[in-house]
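>
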Amino acid sequence: MKSTKEIADQLVSLCRQGKFDQAVEELYSPDIVSIEPEGAPFSQRTKGLEEMQAKGEKWQSMVEEMYGVEVSDPLVTDNHFSVSMAMDIKMKGGPRSKDAEICVYEVKDGKIVTEQFFYPTAG
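Numbering (this note's numbering), first residue to last: -10 to 112.
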């Protein structure tokens, strides 16, 4: 079973390559819970791989162009880790921007079981 550090390092590597779907498939628990801040363009709470896939498809449908992504090295403690992520992105109907967030993950039995994102929202 992979350690929290190994999972964190693999997630960072995949995200730096823009392989977000692969990260979900390989690293996430079937019972994953994803939490977005209030006012996010997604449901605040998503549960399970099927809902995660739908969330990913919705996000992709909102993106006009992705110019790049920066992901920090992970900060790991016991069964949690966090990274900062910044995307240079143009959403449909909007200007090009660099959006930043803090991402916090919980690992159990070698899989990511919870992810939570912190970023500014309009709501």
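Built from N, CA and C at the ideal position, the CB exists for glycine as well.
I need the boundaries of the beta strand (DSSP E) containing residue 105, first residue and last residue.
100 to 107
> In chain order, what are the residue ranges of uninterrupted beta strand (DSSP E) at least 3 long that sit wholly in the stretch -6 to 66?
Runs of the beta strand (DSSP E) inside the stretch -6 to 66: 17 to 24, 34 to 36, 52 to 60, 64 to 66.
> For residue 87, which residues from the same chain have a beta carbon less than 8 Å from its beta carbon, with the 5 sequence-adjacent residues on both sides left out?
75, 76, 77, 78
> Could you tell me which of 103, 60, 85, 25 sits nearest to residue 18, measuring between CA atoms?
103
> Please classify residue -9: does DSSP put it in a helix, a strand, or coil?
coil
> CA-CA distance, residue 110 and residue 63?
24 Å
> Just how far apart, CA to CA, sit residue 98 and residue 27?
29 Å
> Starting from residue 97, follow the beta strand (DSSP E) in both directions and report where the run begins and ends.
It spans 85 to 97 - the beta strand (DSSP E) in which residue 97 sits, taken as one unbroken run.
> For residue 81, which beta-bridge partners are listed by DSSP?
Bridge partners of residue 81: none, in fact.
> Determine the closest residue to residue 89 out of 81, 83, 106, with distance taken between C-alpha atoms.
106
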